[in-house]
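Participant: Let me begin by handing over the structure; questions about it come next.
Number of protein chains: 2
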Amino acid sequence: VIQIDDAVKSYLTGDVEVRALDGVSLRVEEGEFVAIMGASGSGKSTLMNVIGCLDKPTSGQYALAGQVVSGLSRSELADIRNRFLGFVFQQFNLLARTTAVENVELPLVYGGVGSRERTERAVSALVKVGLGSRLDHKPNQLSGGQQQRVAIARAIVNRPKVLLADEPTGALDSKTSVEVMALFQELWRAGMTIVIVTHEPDVAAYAARIIVMRDGKVLSDRAQNPA
Amino acid sequence: VIQIDDAVKSYLTGDVEVRALDGVSLRVEEGEFVAIMGASGSGKSTLMNVIGCLDKPTSGQYALAGQVVSGLSRSELADIRNRFLGFVFQQFNLLARTTAVENVELPLVYGGVGSRERTERAVSALVKVGLGSRLDHKPNQLSGGQQQRVAIARAIVNRPKVLLADEPTGALDSKTSVEVMALFQELWRAGMTIVIVTHEPDVAAYAARIIVMRDGKVLSDRAQNPA
Ligand SMILES: Nc1ncnc2c1ncn2[C@@H]1O[C@H](COP(=O)(O)OP(=O)(O)OP(=O)(O)O)[C@@H](O)[C@H]1O
Ligand SMILES: Nc1ncnc2c1ncn2[C@@H]1O[C@H](COP(=O)(O)OP(=O)(O)OP(=O)(O)O)[C@@H](O)[C@H]1O
Ligand SMILES: [Mg+2]
Ligand SMILES: [Mg+2]
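Chains E and X, in that order, give the protein sequences. FYI, the numbering used here numbers position 189 of the first sequence as 189, with every residue one higher than the one before it. Basically the numbering used here = 1-based index in the second sequence + 1000.
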């Protein structure tokens, strides 16, 4: 469902070139649960942004659900994202002026879901991540870990084919992390494909495959028994 | 150096009252290294904001370095913060339009330090956190962990009496976390008072005292042998 061939992402700052991705090839089959690890600055978020159709590689090819992504227009990309992907951003990217429920409803608004069903599904997703008592809070009325959980609820409310999560437990205490990973496990067993960036071995242990990145390249890629 | 008596922080959302702090008393002596832990939403960042003079409690008293903070004007508070405190925010709070070096120079600009010395000290702080090759990058040209390290460099560049760090290793891989904690340990041994919020036991292990919060209260407060 994810096929990346030789992706390079290069930035020019002044006359210094930084290769955030330096020739990455990756194939993820439907239904896999993959963890991506690696040092700070090794290219994990850049790779996630390419997979999530949020960023175009400088060179290389990317196909999502069989469709080559490189040629598509901005609205076609937005469409593909809404149909297939759920994305938990490393820095959450919530809308500051709207409540938790409204933030979580957003993918459903885009997808044309009716107002009553939208609210029911958004509330249900927020309850799943333990935020039933924070529905009408805006992001600046929420703790860091609560904001992260709103971002998670928003990523799963559309029942995406592929869930992409960049450090989804970074701001969570261990008990809440376990609850979120149990939720991901449940979604995976129901058929979702999951790619998660994490620094924490305890979180990576839930995956069936671990990819380690270094300096914009894939260092290792191996299967494991998920916890 | 930190004396909090019975602090309450109460928010009214609609007609629901949320007590982010529900009667917290705390005394930290100069030269201590304290770790604050607790579940997501338990009041850790709220407590840090009160200690950092960024937020006034609804009721209760706070004295920093012997001076009662409650009566002070906004500019007097800004002054006290610049003189005594370094703050690493949970969400970094970097200035988006300026480079890493300029962000780190900010406390020195406020403190009236000359331009040449400012740049030298900012560069030196950034090199200490491993960002010597990212000096002229703006925040959106940095990875999550790199942004966090810029926030750390900014907090220590002024050689504050008290370093307050809210989840300073949240976005860092284990190797970089160890480097940052070793830096904090070095600063502590040279006399800095450090209060750090963390979810990670490995990070809390560096402290000499652990405070656990729950539902806006202090659940436990005990000394330990620092690692
Ligand atoms: N402006 C606000 N209005 C209403 N409630 C608020 C506001 N700010 C914080 N809260 C609530 O206060 C509680 C404590 O928040 P705080 O940010 O201190 O938690 P925390 O311990 O830092 O959590 P985390 O580990 O997730 O960062 C949370 O339940 C939050 O929803
Ligand atoms: N817009 C940009 N311009 C220049 N360099 C960039 C830009 N965006 C990212 N980089 C660089 O690309 C590299 C990879 O960044 P990326 O965000 O993918 O790292 P990461 O593995 O997610 O790190 P972390 O674990 O800290 O989040 C970093 O060294 C970063 O400085
Ligand atoms: Mg990242
Ligand atoms: Mg917090």
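Just so you know, even glycine gets a beta-carbon here, dropped at the ideal spot from N, CA and C. No experiment lies behind these values; they were computed from the predicted model shown.
Check distances from the C-beta atoms of the segment 172 to 188 of chain E to those of chain X and list, in chain order, the residues that come in under 7 angstroms.
Facilitator: 172, 173, 174, 175 and 176
Participant: So which of X:1195, X:1220, X:1219 and X:1202 has the shortest CA-CA distance to residue 1028 of chain X?
Facilitator: X:1195
Participant: Jot down the residue ranges of each uninterrupted beta strand (DSSP E) in the segment 1010 to 1050 of chain X, minimum 3 residues, whole runs only, in chain order.
Facilitator: 1016 to 1028 and 1033 to 1038
Participant: Using 10 angstroms around the beta-carbon of residue 1180 of chain X, count the other beta-carbons present and answer buried if the total reaches 16, otherwise exposed.
Facilitator: buried
Participant: Could you give the residue range of the alpha helix (DSSP H) that holds residue 1126 of chain X?
Facilitator: DSSP places residue 1126 of chain X in the uninterrupted alpha helix (DSSP H) bounded by 1115 to 1128.
Participant: Check whether the segment 1172 to 1187 of chain X and the segment 1128 to 1142 of chain X are in contact - that is, three or more C-beta pairs closer than 8 angstroms.
Facilitator: Result yes; three or more Cβ-Cβ pairs closer than 8 angstroms.
Participant: Tell me whether residue 1206 of chain X sits in a helix, a strand or coil according to DSSP, three-state version.
Facilitator: coil
Participant: Please tell me whether, using a cut-off of 8 angstroms, the distance from the CB of residue 62 of chain E to the nearest non-hydrogen atom of ligand 1 is below it.
Facilitator: no
Participant: Please classify residue 132 of chain E as buried or exposed, where buried requires at least 16 neighbouring CB atoms within 10 angstroms.
Facilitator: exposed
Participant: What would DSSP say about residue 1097 of chain X, mapped onto helix, strand or coil?
Facilitator: coil
Participant: Could you work out which residue in X:1197, X:1186, X:1026 and X:1053 is closest to residue 1221 of chain X when comparing CA atoms only?
Facilitator: Relative to the Cα of residue 1221 of chain X, the nearest Cα in the group X:1197, X:1186, X:1026 and X:1053 belongs to X:1026.
Participant: Taking 6 angstroms as the limit between beta carbons, can you name the residues of its chain near residue 153 of chain E, skipping five residues before and five after?
Facilitator: Cβ neighbours of residue 153 of chain E beyond the five flanking positions: 104, 125, 126 and 129.
Participant: Using only the alpha-carbon positions, how far apart do residue 121 of chain E and residue 86 of chain E sit?
Facilitator: 15 angstroms
Participant: Between residue 65 of chain E and ligand 1, is the CB less than 8 angstroms from at least one heavy atom?
Facilitator: no
Participant: Is the beta carbon of residue 1038 of chain X closer than 9 angstroms to that of residue 1164 of chain X?
Facilitator: no
Participant: With 9 angstroms as the threshold, decide whether the Cβ of residue 227 of chain E is near any Cβ in chain A.
Facilitator: The chain labelled as chain A is not found among the protein chains of the depicted structure, namely E and X.
Participant: Tell me the rounded alpha-carbon separation between residue 225 of chain E and residue 97 of chain E.
Facilitator: One alpha carbon belongs to residue 225 of chain E, the other to residue 97 of chain E, and they sit about 43 angstroms apart.
Participant: Any idea what DSSP makes of residue 1192 of chain X, helix, strand or coil?
Facilitator: coil
Participant: Taking 8 angstroms as the limit between beta carbons, can you name the residues of its chain near residue 1108 of chain X, skipping five residues before and five after?
Facilitator: 1117, 1118, 1121, 1122, 1157 and 1158
Participant: The beta strand (DSSP E) with residue 61 of chain E in it runs from where to where?
Facilitator: Residues 59 to 64.
Participant: Within 9 angstroms (strictly less), CB to CB, does residue 1039 of chain X reach chain E?
Facilitator: yes
Participant: Is the Cβ of residue 193 of chain E closer than 9 angstroms to any Cβ of chain X?
Facilitator: no
Participant: Please confirm if residue 1217 of chain X has its CB atom under 9 angstroms from at least one CB of chain E.
Facilitator: no
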